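Undergrad: Sharing a structure below in structure tokens format, with a few things to ask.
Residue numbers (the working numbering), protein chains in the order written: chain A, 269 to 473; chain B, 370 to 463.
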């Protein structure tokens with residue numbers, strides 16, 4: 269029984285595990301990639317409306333959220349280093365920091381969306397329906413793409429939360445870091461998508 | 370766990386990566402606040418691509434991991450670039 273168990277853990281393959289995570293990330297790139305193409309085509313067809321609609325977005329909140337995500341990406345990368353060095357306490361602390369930053373990002377998003385909805389700008393609102401097609405497309409894409417991105421933030425928080433619990437219990441440790449590494453890869457993907465969302469929606473001048 | 374197989378990024382290098390990403394972000398905001406017409410978007414996308422490359426290479430460890438990952442990511446991004454180019458040829462010349 270004991271031997272069987274040992275043999276089972278020997279099958280653990282970190283290279284293949286990461287390969288699987290990358291394959292999943294490619295499907296995510298395809299998902300957002302398609303949306304970015306939709307955005308580009310509609311912006312190409314309605315350049316003036318996209319330009320004017322983008323002025324409605326708050327660059328400061330966008331910039332703050334960008335920096336929050338960049339910092340959280342670093343704390344995840346650092347937590348992997350800490351685990352590799354065997355510093356469990358620091359790993360958990362850095363992961364908790366990442367979770368906290370993710371939460372701050374979502375709270376900012378809540379206020380940002382809240383202000384838009386307060387001004388009667390949301391998909392299907394009477395005010396938005398009275399605007400031109402380009403405005404409708406811009407805000408439709410804005411809500412859909414940043415919304416989908418926010419869902420990915422929540423999924424990333426859940427994944428890193430599982431990693432946190434497993435590191436605490438010891439099943440993810442210095443010699444088996446794959447779950448944290450793959451969770452980190454997912455988190456960086458979320459950051460990567462935001463790197464393109466931010467200039468495309470907030471910085472059209 | 371041999372040393373050459375598992376590269377451990379130092380905390381310091383990660384701070385340097387973060388600072389360079391923040392500098393590039395601020396640079397994007399500054400550049401797009403100046404009116405350069407279509408060059409604004411081009412510059413913003415160029416800087417975003419540089420930032421994405423930094424994240425992929427350092428935070429996502431492509432620089433240090435097995436070459437197979439780097440090969441796959443490059444291939445996927447190349448295919449995506451082809452799709453973008455074909456789409457725009459279609460819209461520009463239809």
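Backbone N, C-alpha and C define an ideal beta-carbon position, used for all residues, glycine too. Model, not experiment: these values are computed from the prediction.
1. Across which residues does DSSP place residue 441 of chain A in a beta bridge pair?
2. Looking only at C-alpha atoms, which of A/469, A/381, A/365 and A/335 sits nearest to residue 392 of chain B?
3. Please state if the CB of residue 466 of chain A and the CB of residue 302 of chain A are separated by a distance shorter than 8 Å.
4. Leaving out the 5 sequence neighbours to the left and right, which residues in its chain are closer than 8 Å to residue 290 of chain A when beta-carbon positions are compared?
5. Indicate whether at least one CB of chain A lies closer than 8 Å to the CB of residue 420 of chain B.
6. Closest Cβ-Cβ distance between residue 451 of chain B and chain A: below 8 Å?
7. Between residue 390 of chain B and chain A, is there a C-beta pair that is closer than 8 Å?
8. Using the Cβ count rule (16 or more neighbours within 10 Å means buried), how would you classify residue 311 of chain A?
9. With a threshold of 8 Å on Cβ separation, who are the neighbours of residue 459 of chain A within its own chain once the five nearest residues in sequence on each side are excluded?
10. Would you check if the distance between the CB atom of residue 390 of chain B and the CB atom of residue 420 of chain B is smaller than 8 Å?
11. Buried or exposed: which applies to residue 409 of chain B, given that a residue is buried once 16 or more other Cβ atoms fall within 10 Å of its Cβ?
12. How would you write the range of the alpha helix (DSSP H) that residue 319 of chain A sits in, first residue to last?
13. Which residues in chain A have a C-beta closer than 7 Å to the C-beta of residue 428 of chain B? List them in chain order.
14. Does the region 400–417 of chain B come within contact of the region 365–383 of chain A, defined as at least 3 CB pairs closer than 8 Å?
15. What residues in its chain sit with their C-beta under 8 Å from that of residue 425 of chain B, if we drop five residues either side in the sequence?
16. Could you list the residues in the region 348–370 of chain A with a C-beta less than 9 Å from some C-beta on chain B, going in chain order?
17. Mind pulling the chain B residues with CB within less than 8 Å of residue 290 of chain A?
18. Smallest Cα separation from residue 378 of chain A: which of A/400, A/284, A/361 and A/333?
19. Do you know whose CA, among B/397, B/459, B/438 and B/456, lies nearest residue 287 of chain A's CA?
20. Measure from the C-beta of residue 471 of chain A to each C-beta in chain B and report whether the shortest distance is under 8 Å.
21. With a Cβ-Cβ cutoff of 8 Å, do residue 407 of chain A and residue 385 of chain A count as a contact?
22. Would residue 440 of chain A pass as a contact of residue 426 of chain A if the rule is Cβ separation under 8 Å?
TA: Concretely, from the data shown:
1. A/444
2. A/335
3. no
4. 453
5. yes
6. no
7. yes
8. buried
9. 337, 338, 340 and 341
10. yes
11. buried
12. 315–322
13. 341, 345 and 456
14. no
15. 431 and 442
16. 348, 349, 350, 352 and 353
17. 438, 441 and 442
18. A/333
19. B/438
20. yes
21. no
22. no
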